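Taking numbering that gives the first Met the number 0, the leading residue of the sequence shown gets 0, the next gets one more, and so forth. Every residue, glycine too, gets a C-beta built ideally from N, C-alpha and C. On a predicted model such as this, the values are computed, not experimentally measured, just so you know. Worksheet: one structure, shown below.
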Amino acid sequence: MTSQPLTNHREGAEIYHGESLCKQKSLDLLQEIRLPMGLLPLDDIVEVGYNRTTGFVWLKQKKRKEHKFRAIGRNVSYDKEVTAFVEDRRMRRLTGGYRGLFQCLPLS
0 MTSQPLTNHR
10 EGAEIYHGES
20 LCKQKSLDLL
30 QEIRLPMGLL
40 PLDDIVEVGY
50 NRTTGFVWLK
60 QKKRKEHKFR
70 AIGRNVSYDK
80 EVTAFVEDRR
90 MRRLTGGYRG
100 LFQCLPLS
């Protein structure tokens, strides 16, 4: 089942299938937009899409993924479908990633 936002952005997007190719393309994307390489620690990725015109990205995986970022002591859950709008050093309107990592922390 494909979500509505995904359907709207598929036209003109680069779409990749296959676990190893999708894993590599997700890492390439993070490197291209200059975000940490470990930000999307997804396994069993079956589809990656990137619409460069709109900046919309989606990743589909076989099952939900739980991950603990040890450096910050946070648990994060990634749904079967993760979507976001990306630009240089920025990822916004993320769906499919559950809070825990993406909270602002007060600095004193």
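Exercise for the section: Between the Cα of THR82 and those of LYS67, ALA70 and GLY96, spot the shortest distance and give me the residue it belongs to. Expected result: GLY96
Problem - Extent of the continuous alpha helix (DSSP H) run through ASP27 - result: 18-31
Practice task
Go ahead and pull the three-state DSSP assignment for THR6.
Solution key: helix
Problem - Beta-bridge partners of GLY96, as assigned by DSSP - result: TYR77
Problem - Separation of ASP43 from TYR49, as counted between CA atoms - result: 18 Å
Practice task
Note the first and the last residue of the continuous beta strand (DSSP E) segment covering GLY48.
Solution key: 44-50
Practice task
Spatial neighbours of CYS21 within its chain, please: CB distance less than 8 Å, with the 5 preceding and 5 following residues excluded, ordered by chain position.
Solution key: TYR15, ILE44, VAL45, GLU46, VAL47 and LEU58
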